[in-house]
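S.K.:
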Amino acid sequence: MPRHRCAILDDYQNIALTVADWSKVLGDLDIKVFNTYLGGADEVIAALQDFEIVCAMRERTAFPRAVIEKLPQLKLLITTGLRNASIDVTAAKERGIVVCGTPAVGSPTSGIAIGLMLELTR
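Residue numbers 851 to 972, in the numbering used here, belong to the letters of the sequence shown in order.
1. So, using beta-carbon positions, are A941 and E969 closer together than 8 Å?
2. Quick check on the DSSP output: the beta strand (DSSP E) that includes T929 runs from which residue to which?
3. Drop a sphere of 10 angstroms on the beta-carbon of T795, count the other beta-carbons inside from all chains shown, and report buried for 16 or more, exposed for fewer.
4. Do V883 and A896 have their beta-carbon atoms positioned less than 8 Å apart in this structure?
5. Determine which residues share a DSSP beta bridge with L921 and list them.
6. When the Cα atoms are used, what is the spatial distance from L927 to V904?
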């Protein structure tokens, strides 16, 4: 079976491959990590032409209709969080591209607030 090409975007901390267990998919994927911002639409299209899977780590790289329509190999667009305002989900759906994300792990705001309250008791 042919290997799929996967791009991980905006991993400026270079941690994407260390904070998750990739072992189950490494045999099926050729992964390329982009540690810097790709740029505007033309640069994104040029860099991602041959990728079937894109992991958008942040909202920095936009995927409007104009970009999605020029990425013929794209089949799966993954984002951190369940909503990403920089992805035109309608355009992706029209092209049969699956867009998915990860759920939140809790509310960091409330956790920090509780921690600060506990700190005040010291």
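All C-beta atoms, glycine included, are put in the ideal place defined by N, C-alpha and C.
Note that the coordinates shown come from a computational prediction; the quantities given were computed from them, not determined experimentally.
M.R.: According to the data block:
1. no
2. L926 to T929
3. This structure cannot speak to residue 795, because the chain is shown only from 851 to 972.
4. no
5. For L921, which the question treats as bridged, DSSP gives no partner whatsoever.
6. 5 Å
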